Amino acid sequence: MGHTVLVVDDSATMRLSLKTTLEMHQFQVQTAENGVIALDWFRATHQPPALVITDIHMPEMDGLALIRELRALPRGRFLPILVLTTESQEDYRQEARRLGATGWLIKPVRGSDLLAVIDRVLPHH
Amino acid sequence: MNPLLAQFVDESAELLDRCNEGLLRLEQDPQDRAAVDALFRAMHTLKGNSGLFDFPELTEVLHAAEDVMEALRLGRLQYQPSLGDLVFHLLDVVRQGVADIRVEQKPTAVIAQATALITALKGWLPQGAAEADSIQHEPSAVPEELQLVLPFAAQTALWPVFETVDTLWYIAYRPQPDTFYHGEDPFWHARRTPGVVWGTIVAPRSWPALENFDLYRCVLEFHLVSQAAQADIAHHFQFQRDSVRLCALDRWRLADLGGAEALTAMAGARREALVSLLQRGAWEEWERWLAEEPDASGPAAWFRGFAQAGQQDPDRLRAAVRHWAVSLGLETCVGTEEKPGGLPPSAASRPQEDLGRHDAVMPSTATIRVPAAKIDRLMALVGELVVAKNGLPYLAKKATSEYGAEPLARELRAQYAAIHRIVEDLKMAVFDVRMVPLSTVFQRFPRLVRDLARKLGKQVTLSVVGGETEIDKGVAEILAEPLMHLIRNSLDHGIEPPEERERLGKRVPAELRLSAWYEGDTVIVEVSDDGRGLDSDRIKQRAQEKGIMTASDLARLSERDAWHLIFHPGFSTVDRVSDVSGRGVGMDVVKQVVERSGGRVALDSHKNQGLRVRLMLPLAMMSRRVMVVELGDQPFGVPIEHIVEVVRCAPDGQQSLGQRATLVWRGRSIPLVNLGEMFHTIPGPRLNGFGECAVLVGRVDDAEVGLIVDGFRETVDVIVTPLEGPLAQLSVYEGSALLGDGSVLLVLNLRELIQWQWS
Numbered sequence: 001m002g003h004t005v006l007v008v009d010d011s012a013t014m015r016l017s018l019k020t021t022l023e024m025h026q027f028q029v030q031t032a033e034n035g036v037i038a039l040d041w042f043r044a045t046h047q048p049p050a051l052v053i054t055d056i057h058m059p060e061m062d063g064l065a066l067i068r069e070l071r072a073l074p075r076g077r078f079l080p081i082l083v084l085t086t087e088s089q090e091d092y093r094q095e096a097r098r099l100g101a102t103g104w105l106i107k108p109v110r111g112s113d114l115l116a117v118i119d120r121v122l123p124h125h
Numbered sequence: 001m002n003p004l005l006a007q008f009v010d011e012s013a014e015l016l017d018r019c020n021e022g023l024l025r026l027e028q029d030p031q032d033r034a035a036v037d038a039l040f041r042a043m044h045t046l047k048g049n050s051g052l053f054d055f056p057e058l059t060e061v062l063h064a065a066e067d068v069m070e071a072l073r074l075g076r077l078q079y080q081p082s083l084g085d086l087v088f089h090l091l092d093v094v095r096q097g098v099a100d101i102r103v104e105q106k107p108t109a110v111i112a113q114a115t116a117l118i119t120a121l122k123g124w125l126p127q128g129a130a131e132a133d134s135i136q137h138e139p140s141a142v143p144e145e146l147q148l149v150l151p152f153a154a155q156t157a158l159w160p161v162f163e164t165v166d167t168l169w170y171i172a173y174r175p176q177p178d179t180f181y182h183g184e185d186p187f188w189h190a191r192r193t194p195g196v197v198w199g200t201i202v203a204p205r206s207w208p209a210l211e212n213f214d215l216y217r218c219v220l221e222f223h224l225v226s227q228a229a230q231a232d233i234a235h236h237f238q239f240q241r242d243s244v245r246l247c248a249l250d251r252w253r254l255a256d257l258g259g260a261e262a263l264t265a266m267a268g269a270r271r272e273a274l275v276s277l278l279q280r281g282a283w284e285e286w287e288r289w290l291a292e293e294p295d296a297s298g299p300a301a302w303f304r305g306f307a308q309a310g311q312q313d314p315d316r317l318r319a320a321v322r323h324w325a326v327s328l329g330l331e332t333c334v335g336t337e338e339k340p341g342g343l344p345p346s347a348a349s350r351p352q353e354d355l356g357r358h359d360a361v362m363p364s365t366a367t368i369r370v371p372a373a374k375i376d377r378l379m380a381l382v383g384e385l386v387v388a389k390n391g392l393p394y395l396a397k398k399a400t401s402e403y404g405a406e407p408l409a410r411e412l413r414a415q416y417a418a419i420h421r422i423v424e425d426l427k428m429a430v431f432d433v434r435m436v437p438l439s440t441v442f443q444r445f446p447r448l449v450r451d452l453a454r455k456l457g458k459q460v461t462l463s464v465v466g467g468e469t470e471i472d473k474g475v476a477e478i479l480a481e482p483l484m485h486l487i488r489n490s491l492d493h494g495i496e497p498p499e500e501r502e503r504l505g506k507r508v509p510a511e512l513r514l515s516a517w518y519e520g521d522t523v524i525v526e527v528s529d530d531g532r533g534l535d536s537d538r539i540k541q542r543a544q545e546k547g548i549m550t551a552s553d554l555a556r557l558s559e560r561d562a563w564h565l566i567f568h569p570g571f572s573t574v575d576r577v578s579d580v581s582g583r584g585v586g587m588d589v590v591k592q593v594v595e596r597s598g599g600r601v602a603l604d605s606h607k608n609q610g611l612r613v614r615l616m617l618p619l620a621m622m623s624r625r626v627m628v629v630e631l632g633d634q635p636f637g638v639p640i641e642h643i644v645e646v647v648r649c650a651p652d653g654q655q656s657l658g659q660r661a662t663l664v665w666r667g668r669s670i671p672l673v674n675l676g677e678m679f680h681t682i683p684g685p686r687l688n689g690f691g692e693c694a695v696l697v698g699r700v701d702d703a704e705v706g707l708i709v710d711g712f713r714e715t716v717d718v719i720v721t722p723l724e725g726p727l728a729q730l731s732v733y734e735g736s737a738l739l740g741d742g743s744v745l746l747v748l749n750l751r752e753l754i755q756w757q758w759s
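Residue numbers (this note's numbering), protein chains in the order written: chain A, 1 to 125; chain B, 1 to 759.
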């Protein structure tokens, strides 16, 4: 059984897209619509994810706040976190890095790019 | 329709509804922040989703719309009803386009109107916003000069890589201290760098104190050399852009890093030959030169790689060699030639003449040759300075005791501390100048071994290890003779003739090893062979024959103690006197010479497996540290390395063993010497209130002795000079030294005292 990836995005299309690609490559995928739901699941789960991929703009709790919350949790401190941004959102990328994100994915995410980046940030993949 | 596209169509309808709703609220209240945010987010998601599919027009239109929403959100643009009209229209077109996808697999309505919509939307965008964005991302600081950490051996290993690529990349990756809190694994990441051909971890120059040490702060740097393309490396460090510095490393850059060092590391004659033939471009000779150099890791290997990598541009290669040679002072012809009015040197005396004008580079001289005598003089002066410096504490003491000027004494002591530090640094600096690699001593032995082995009909391979170990020139100079003795002994007595070795099932040729390495402040030089080893029975027998010891004394000797008999003057185990060694002046000379320089000799042997002789030598011969003890009112020095302990001894702690006084010390009886009695100082031992006297326990090799003294003073660094004239025969003194107050200190020779005590 592969690693679990937590995908947080308010768009069902984006979640489906990432989930499909990741599952094709033997990852288990847990999805959440926004930061609050993601955080609730993360706190409760017995199978913490090996990687979090989160969108930035989401209702309830956005991606930046989610990073901050995850980094404050003992088991989220060293977790690789990727943010989903668009090409033009350089300032969000830098802000996310500052808050503790590991890296970013640029939308639209191609399958090969997604796997290459995961390969770089997920040490024991 | 595939499930993802179906999901997109469904979600798009929902998102378009949300956009509509947000826009309506905004029309009601242009200041409604929540409405702007919702509108932007929905548009942003819509655009992001569209990018998953091959609908470029749809994505572009939504992208332009998102930019306008973002401008609204950031307050760069004020909502106006006419903008609302445009966006409502856009939403309608997109909705139609998405519906088209369901039927026609493409957003036909959007494709038709894309250009018009995009132009209209861009018209709303404030000017200059894009420019402002781009300025923000300019690199903020000029990168600091990158320090390449590339050891000599690594350089040698890199040369072959230039057969496939012209440029390597040197990568210095210094992860942010909080890298772990970014979910990063810097070590793993560095390891995974594409095309890595070399790497090292660079530790910080100073570590935080243990109590401040944070396990989760990364303080390490990773330095790598990669043969991958720059773009691939940049991509790998995409998220660590600010933590990584790159430096192109072509063959010439690499050459500059190690050339001078490689030349320096080479033995003199080889080096000059190399410089000369590289300069002349004599490639046939070059091949021959390489063939003579079996060493696969030393400077020759470096040059082999360099020549291989640099052959495409022989002129540049030659210029580089020349540059190093000049900077090392190996070649000085440029200076002569370019000196105005200088005599043109004759062609015969200057075979490298044509190269004098080869390049205009005039490197600064990195190395100068200095006659050894000048350095010796410098060393002697430093020695005197050490002694003169020791005058200050006396002065401080005098200031207090005679003039009662305690503040002045304090200042003197502070000044002393400062001068002491400088003198110590100076001493180390001069000391460093005097260091020479042991290869200067070792290099004569391969030839010696070859000749001797041939003469004695033995087959031996000599391996030399650690020639780069540096040692004080003075020590190196006196080392040649003892090493020669040891090697001769091994060849003559230790190593068996080939037929005997074959009979014993031992390897032919025999192995003789000469090795050197550091151990703390000591340099160990070891000569070992796999020959007969020491035969303690034969040694004892010989000692008895020579009258060195009586049979009953010999019977009590352990095997190890028996070995040490070979150091006895006049001892020789060979029955015939060969012309190689065995004149009875071998091992005792070795021991004397080594001990004179403050070193020690140790033996280890296994019968028929070989003998190992270790010379443990001090790194430097210079000032000695001695403890000053009192006998009556007279001070004497005892070398600190021989002092084990200082104890008080009650009268009942002393015993008599026959004629000798002994002291029970740590459960053992050791001889007790009453120095006062020996030197006839009056009165006898000074006793404390409990009738105890002070005893200094000293050790030389494995023998201990207790010395009854009257008192202890400080320890001082002194230069011990051997006694001269009639006094030179007083072997209980190692020599004399001048103290800071100008008085003379006699330094005791504990070894002699112990021997004298036993005889």
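Note that beta-carbon positions come from the ideal geometry of N, C-alpha and C, so glycine has one too. None of the values given here were measured: they were computed from a predicted structure.
Chain-order list of chain B residues neighbouring Phe-78/A: Phe-180, Tyr-181 and Gly-183, by C-beta distance under 8 Å. Burial of Asp-10/A is indicated by the presence of at least 16 other C-beta atoms within 10 angstroms of its C-beta. Below the 8 Å Cβ cutoff, chain B contributes no neighbours of Val-36/A, its closest Cβ being approximately 15 Å away. By the Cβ rule, the segment 387–397 of chain B counts as touching the segment 735–754 of chain B, because three or more pairs are nearer than 8 Å.
For Ser-17/A, the closest Cβ of chain B is nearer than 7 Å.
Chain B has a Cβ within less than 7 Å of the Cβ of Gly-103/A. Not a single C-beta of chain A is nearer than 7 Å to the C-beta of His-606/B. Gln-155/B: not part of any beta strand (DSSP E); member of the alpha helix (DSSP H) spanning 152–158, first to last residue. Taken in chain order, the complete alpha helix (DSSP H) segments of 4 residues or longer contained in the segment 37–93 of chain B are 56–73.
Among the CB atoms of chain B, none fall inside 7 Å of the CB of Ala-50/A. Nearest to Pro-509/B by C-alpha distance, out of Trp-517/B, His-182/B, Glu-519/B and Pro-498/B, is Pro-498/B. Here DSSP, grouped into helix, strand and coil, assigns Pro-671/B to strand. Contact annotation, Val-225/B with Val-244/B: C-beta distance approximately 14 Å; criterion of less than 8 Å not satisfied.
The DSSP-derived three-state label of Pro-437/B is strand.
Chain order gives the chain B residues near Pro-108/A as Gly-48, Asn-49, Ser-50, Gly-51, Leu-52, Phe-53 and Thr-59, where near means a beta carbon separation below 9 Å. At least one CB of chain B lies nearer than 7 Å to the CB of Thr-13/A. Within chain A, the residues placing a beta-carbon under 8 Å from that of Arg-41/B are Asp-10, His-57, Met-58 and Pro-59, ordered along the chain.
Closest by C-alpha distance to Lys-546/B, out of His-568/B, Met-587/B and Lys-473/B, is His-568/B.
One finds Gly-183, Glu-184 and Phe-239 in chain B with Cβ atoms closer than 8 Å to the Cβ of Val-121/A, taken in chain order.
Of all residues in the segment 20–34 of chain A, the ones placed with a Cβ closer than 9 Å to any Cβ belonging to chain B are Thr-20, in chain order. Taking 7 Å as the CB threshold, Gln-7/B lines the interface with chain A. Per the coordinates, the alpha-carbon of Gly-22/B lies some 14 Å from the alpha-carbon of Gln-80/B. One Cα belongs to Val-720/B, the other to Asp-313/B, and the distance between them is close to 58 Å. The Cβ atoms of Gly-637/B and Val-628/B lie closer than 7 Å to each other. In this structure, the beta-carbon distance from Arg-71/A to Gly-111/A does not fall below 7 Å. Interface with chain B (7 Å Cβ-Cβ cutoff): Ile-118/A is excluded.
Closest option to Pro-108/A, judged by alpha-carbon separation, among Arg-33/B, Thr-59/B and Pro-194/B: Thr-59/B. Proximity of Glu-11/B to chain A, defined by a Cβ-Cβ separation below 7 Å, is satisfied. Just so you know, the alpha carbons of Glu-14/B and Ala-112/B end up roughly 23 Å apart. Residue pairing for Met-616/B: DSSP places it in a beta bridge opposite Ile-524/B and Arg-600/B.
A contact is defined here as three or more CB-CB pairs under 8 Å, and the segment 429–442 of chain B fails this definition with respect to the segment 491–506 of chain B. In the DSSP annotation of this structure, the continuous segment of the beta strand (DSSP E) that includes Gln-30/A starts and ends at 28–32.
Scanning chain A for C-beta atoms nearer than 7 Å to the C-beta of Thr-45/B yields Asp-10 and Ser-11, reported in chain order. Here Phe-690/B is exposed: its Cβ has fewer than 16 other Cβ atoms, across all protein chains shown, within 10 Å.
For Cys-19/B, there is no enclosing beta strand (DSSP E); the enclosing alpha helix (DSSP H) has its first and last residue at 3–28. By a beta-carbon distance limit of 8 Å, Leu-115/A contacts His-25/A. Their separation comes to about 6 Å.
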